[in-house]
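Asks: If you read the sequence shown in my numbering, its first letter stands for residue 9, the second for the next number, and so on.
Before anything else, here's the structure in question.
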Amino acid sequence: MTHRVLVAGASGYIGRHVVEALLLQDYRVVAQLRTSAQWTLSHPNLECVYGELTESGQCLQDIQPCDFVISCLASRSGGIRDARLVEYEANNRLLAAASQWRVRRFLLLSAICVQKPRLAFQKEKLRFEAKLRESNLPWTIVRPTAFFKSLSGQVARLQQGKPFFVFGNGTLTACKPIAEQDLAAYMVEQLTNSLAIGAILPIGGPGPAITPLGQAQLLGQILQRPVQTRSLPPRLFLLAAAFLTPFGIVFQRARDQAEFLRIAHFYATESMLVWSEESGAYSEALTPESGSKTLSECYQQIIRGDVISDLGEHKLF
Ligand SMILES: NC(=O)c1ccc[n+]([C@@H]2O[C@H](COP(=O)([O-])OP(=O)(O)OC[C@H]3O[C@@H](n4cnc5c(N)ncnc54)[C@H](OP(=O)(O)O)[C@@H]3O)[C@@H](O)[C@H]2O)c1
Numbered sequence: 009m010t011h012r013v014l015v016a017g018a019s020g021y022i023g024r025h026v027v028e029a030l031l032l033q034d035y036r037v038v039a040q041l042r043t044s045a046q047w048t049l050s051h052p053n054l055e056c057v058y059g060e061l062t063e064s065g066q067c068l069q070d071i072q073p074c075d076f077v078i079s080c081l082a083s084r085s086g087g088i089r090d091a092r093l094v095e096y097e098a099n100n101r102l103l104a105a106a107s108q109w110r111v112r113r114f115l116l117l118s119a120i121c122v123q124k125p126r127l128a129f130q131k132e133k134l135r136f137e138a139k140l141r142e143s144n145l146p147w148t149i150v151r152p153t154a155f156f157k158s159l160s161g162q163v164a165r166l167q168q169g170k171p172f173f174v175f176g177n178g179t180l181t182a183c184k185p186i187a188e189q190d191l192a193a194y195m196v197e198q199l200t201n202s203l204a205i206g207a208i209l210p211i212g213g214p215g216p217a218i219t220p221l222g223q224a225q226l227l228g229q230i231l232q233r234p235v236q237t238r239s240l241p242p243r244l245f246l247l248a249a250a251f252l253t254p255f256g257i258v259f260q261r262a263r264d265q266a267e268f269l270r271i272a273h274f275y276a277t278e279s280m281l282v283w284s285e286e287s288g289a290y291s292e293a294l295t296p297e298s299g300s301k302t303l304s305e306c307y308q309q310i311i312r313g314d315v316i317s318d319l320g321e322h323k324l325f
């Protein structure tokens, strides 16, 4: 019998690839979408369900029971209220439906950055992770490192001859980025991997780890010209956040703006690798790898104009 999988956050960068990976493996997919979603994929094994999971779980009541639930839900802004509504409350509604259906697995797409929870969205992710871990369902939590889209925001700038921005000397952080198709395939594989039940799985793409300076050098090799870098001090973000904080007491918007600056500071200073308690440092060796597509291939595709990159909301510069 073909298994049914509910995918929440199906319209997202990873969610779309998870839907495609499931269809390739002959699963029947129920894509949960917001009422405003622009969705064009159609397939005989694909059913779409529309509703606002941040408001109620009503749309889930109309779905025939599923065997698996995958949540790729994520706050698009990282704003304080949005993070609570999406990362915690919407996921809770999914968990309630999954419990009713007694699913074989609830697979949550989380993020490796929750290892050092300083930001509102990280705390909400961890709050839901804890709830899922306490549930009676078989669960798996996947915590990926950086996505290719997060490292591609400056390619267009370089093509226009502009410099590549780095923080500090460009080696403050490192990551093992993973391609969206490789991550989706990895997640689908975990659904039937009994060893992944009750496991938190950090995952990156093929190594070695790369720093922002390394990304600039890689782009220089591909473009066959030297790439100029321009350094910014990460503390600028914290200074600006501190300036906004008093306004945040009254204005939600200022509170969110200060949070966005703290998010930028976090990514400017923290690596997306497994944190080793033993050495008190991020560890490339401890960060597992999956997939085969490299960042170099991704950059070459973008420069050739082969891919429509989904970068809009993730550009820092
Ligand atoms: N970016 C990185 O490098 C990185 C690295 C590691 C882990 N992660 C984590 O990976 C996860 C997925 O990332 P992604 O880039 O695929 O996310 P994304 O493209 O921003 O997609 C988010 C999904 O959640 C849905 N969503 C957002 N707000 C919603 C709301 N109010 N109500 C209902 N649905 C809502 C979106 O629906 P709409 O399309 O309708 O907005 C979309 O389907 C996140 O948890 C992120 O933290 C990211």
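Ideal placement from N, C-alpha and C gives every residue a C-beta, glycine not left out.
Could you spell out the range, first to last residue, of the beta strand (DSSP E) harbouring R36?
Replies: Here the beta strand (DSSP E) through R36 covers 36-41.
Asks: Say yes only if the C-beta of V94 is nearer than 6 Å to one or more non-hydrogen atoms of ligand 1, and no if none qualify.
Replies: For ligand 1, at least one heavy atom lies less than 6 Å from the Cβ of V94.
Asks: On the three-pair Cβ rule with 8 Å, is the region 78-86 touching the region 43-52?
Replies: Counting Cβ pairs under 8 Å, fewer than three are found: no touch.
Asks: Hey, quick one: how far does the alpha helix (DSSP H) through W109 stretch, first residue to last?
Replies: Looking at the DSSP string, the run of the alpha helix (DSSP H) that includes W109 is 99-109.
Asks: What three-state label does DSSP hand C74 in the structure shown?
Replies: Three-state result, C74: coil.
Asks: Examine ligand 1 and report whether any of its heavy atoms sits within less than 6 Å of the Cβ of S279.
Replies: Flag unset: Cβ of S279 not near ligand 1.
Asks: May I ask you to list the residues that DSSP assigns as paired with P210?
Replies: Answer is R151.
Asks: Out of L294, V13, I22, state which residue places its alpha-carbon closest to the alpha-carbon of K157.
Replies: Among L294, V13, I22, the Cα nearest to that of K157 is on I22.
Asks: Across which residues does DSSP place M280 in a beta bridge pair?
Replies: In the DSSP output, where bridge partners are listed per residue, M280 has C183.
Asks: Ligand 1 heavy atoms versus the CB of S158: any closer than 6 Å?
Replies: Checking the Cβ of S158 against ligand 1 gives yes.
Asks: For R238, name the three-state secondary structure that DSSP assigns.
Replies: Strand, per DSSP.
Asks: Counting pairs of beta carbons, one from the region 167-181 and one from the region 108-118, are three or more of them closer than 8 Å?
Replies: These segments do not touch.
Asks: Between which residues of its own chain and P73 is the CB-CB distance below 6 Å, once the five residues before and five after are set aside?
Replies: Taken in chain order, the residues that qualify are W109.
Asks: Please name the residue, chosen from S287, A104, A45, that lies closest to L68 on a Cα-to-Cα basis.
Replies: Minimum Cα distance to L68 is reached at A104.
Asks: Please tell me whether, using a cut-off of 6 Å, the distance from the CB of F274 to the nearest non-hydrogen atom of ligand 2 is below it.
Replies: In the structure on display, ligand 2 does not appear, and the ligands it does have are ligand 1.
Asks: Cutting at 7 Å between CB atoms, please list the residues of its own chain near C306, excluding the five before and the five after it.
Replies: Same-chain partners within the cutoff: F156, S160, A187.
Asks: Under three-state DSSP, which class holds F114?
Replies: It is a strand residue.
Asks: Give the secondary structure of A16 by DSSP, where H, G and I count as helix, E and B as strand, and everything else as coil.
Replies: A16 falls in the strand class under three-state DSSP.
Asks: Could you check if F251 is buried or exposed, using at least 16 other CB atoms within 10 Å of its CB as the buried criterion?
Replies: So F251 ends up on the exposed side.
Asks: Whole angstroms is fine: what's the gap from L227's alpha carbon to T219's?
Replies: Approximately 12 Å, taken between the alpha carbons.
Asks: So is S300 buried or exposed if we call it buried at 16+ other beta carbons inside 10 Å?
Replies: So S300 ends up on the exposed side.
Asks: Considering only DSSP beta bridges, list what V57 is partnered with.
Replies: According to DSSP, which records beta bridges pairwise, V57 is partnered with Q40.
Asks: Tell me whether I205 is buried or exposed, calling it buried when 16 or more other Cβ atoms sit within 10 Å of its Cβ.
Replies: By the 10 Å Cβ count, I205 comes out exposed.
Asks: Measuring CB to CB, does S279 end up less than 7 Å from A182?
Replies: Yes, these two residues count as a Cβ contact at 7 Å.
Asks: Assuming A29 and A154 form a contact by the criterion Cβ under 8 Å, report the distance between their Cβ atoms to the nearest whole angstrom.
Replies: Actually they are not in contact, since the Cβ atoms of A29 and A154 sit about 20 Å apart, beyond 8 Å.
Asks: At which residues does the alpha helix (DSSP H) containing A217 begin and terminate?
Replies: It is not in any alpha helix (DSSP H) - A217 carries neither H nor E in the DSSP assignment.
Asks: Would you tell me roughly how many angstroms separate the C-alpha atoms of F325 and A272, rounded to the nearest one?
Replies: Note on F325: pLDDT 29, under 50, position unreliable in the model; no value is reported.
Asks: Out of curiosity, what's the CA-to-CA distance linking A18 and E297?
Replies: Answer to the nearest angstrom: the Cα atoms are 24 Å apart.
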